[in-house]
Every structure is written in structure tokens, then in C-alpha cells.
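In the numbering used here, the protein residues as written are 2 to 208.
Next up, the structure:
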């Protein structure tokens with residue numbers, strides 16, 4: 002039985018570890034996102050949803066230990082805005098599967114899913130979804146998305162915490178007001194396995 006360790010490094014950056022292999026999603030450039038410390042994270046693979054400086058800083062990720070990759074990876078092409086990419090370009094959702102566990106990082110999605118995409122994104126164990134709005138979907142759109150695909154665990158990302166984060170985006174509170182069963186974790190790390198309970202998991206940035 003597989004077990005995953007998910008760690009939030011701030012903004013939209015996470016590391017996901019299984020069997021000693023670590024994938025880093027959407028690392029941000031040093032001093033690019035106000036209030037977040039420069040990233041110092043190791044990874045065997047870096048996946049970037051798009052080529053903006055707060056998501057594509059693969060060079061700041063230090064090489065991992067060379068473990069075998071346990072993940073099967075699927076890319077789903079979406080847009081960074083509701084106008085077919087005319088405002089901010091394209092965005093990629095990355096879906097990773099290890100054993101029976103399926104995880105998706107939604108990057109800076111800014112558009113509704115198509116019916117085919119929604120069908121492909123059913124039965125997720127974890128969905129990392131932006132909720133801050135302005136550059137991405139906002140709280141209401143995020144709630145509509147999770148109601149459509151019904152992931153087991155939702156991890157909100159890409160929101161502001163006071164002066165920490167992009168000034169234009171909202172806080173996580175407006176999203177949490179729309180959902181139930183949310184849990185504040187005192188750490189930045191969540192362990193996922195077959196027994197993990199359905200929830201909205203709010204991880205705590207550790208700096």
C-alpha cells in the first residue's frame with residue numbers, strides 16, 4: 002500500500018514524496034512572491050504548470066537522491082484565464098498516480114473545466130487548487146470545481162496571508178466560508194494513504 006507525503010512550501014509550491022522519490026510542483030523564484038522565503042528544497046523531478054516566475058523556478062530545486070520514479074504522470078492542458086489564454090496564456094494540470102493514489106496539482110488554472118477534463122479528474126485522492134482569485138479561479142469557482150470532481154482531500158493554495166503572498170489575491174477565508182470539514186494543520190506537511198479522511202486541509206506555511 003502506497004503512502005504519500007505532501008509538503009507545502011508556500012504559494013503554489015509543494016513537494017510530493019513516495020518511496021523516496023520527490024516531485025516538486027511550481028517552485029517560485031527567490032524574492033518573487035512577497036513574504037515567502039527563498040526556496041531551498043530537494044527534488045528528483047520538477048513539474049511547472051506554466052512559465053511565470055512564481056511557478057517556474059526549476060533552478061532553485063536541488064537534485065534529489067536518484068530514487069526510482071513511482072509515479073505515472075498525466076498532463077491536462079487548460080488556461081490561465083477565462084478567455085482561452087488571451088490574458089495570461091496556458092496552464093497545465095499535472096495528475097500523478099502511485100499505486101491506487103491519485104493526486105493533481107492545478108497550477109494557475111483560471112478557467113472552467115471541460116466535461117472531458119472533469120471526467121478525467123474524477124477519483125482524486127488529493128487536489129491542490131488555487132483559491133485566491135485575480136490571477137486564477139477564485140473562491141466560488143474553486144467551490145464549483147470541487148463540487149464537479151469531488152476529490153477526497155482538497156488543499157487550497159495561491160492565496161494571501163496578510164502581507165505574505167501576492168497583494169492582488171484574496172485570503173483563504175472566503176473559500177473556507179463555502180466549504181465544510183476543513184482542518185487547519187499546525188505543520189506544512191500532510192500524509193496521504195488509503196485511510197485518509199475526506200477534508201479540506203489547510204497547511205501552515207513554515208517559512
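We put the CB at the ideal spot given by N, CA and C, even for glycine.
Cβ-Cβ distance between residue i and residue j below 8 Å
| i | j | result |
| --- | --- | --- |
| residue 130 | residue 158 | yes |
| residue 30 | residue 13 | no |
| residue 148 | residue 112 | no |
| residue 11 | residue 24 | no |
| residue 27 | residue 50 | yes |
| residue 34 | residue 167 | yes |
| residue 125 | residue 141 | no |
| residue 101 | residue 195 | yes |
| residue 173 | residue 160 | yes |
Cβ-based burial, residue i [other Cβ within 10 Å; buried from 16]
| i | result |
| --- | --- |
| residue 152 | buried |
| residue 184 | exposed |
Proximity winner among the options, relative to residue i (alpha-carbon distances)
| i | options | result |
| --- | --- | --- |
| residue 207 | 49, 52 and 41 | 41 |
| residue 127 | 146, 89, 193 and 4 | 193 |
| residue 90 | 110, 101, 4 and 115 | 110 |
Close-in-space but distant-in-sequence residues of the same chain around residue i (CB under 7 Å, 5 per side omitted)
| i | result |
| --- | --- |
| residue 71 | 19, 20, 22 and 99 |
Cβ-based neighbour list, residue i, same chain, cut-off 8 Å, excluding 5 preceding and 5 following
| i | result |
| --- | --- |
| residue 32 | 39 |
| residue 135 | 167, 169, 170 and 171 |
| residue 76 | 93, 94, 95 and 96 |
| residue 119 | 149 and 150 |
Ordered list of alpha helix (DSSP H) runs contained in the stretch 77-137, each at least 4 residues: 116-121
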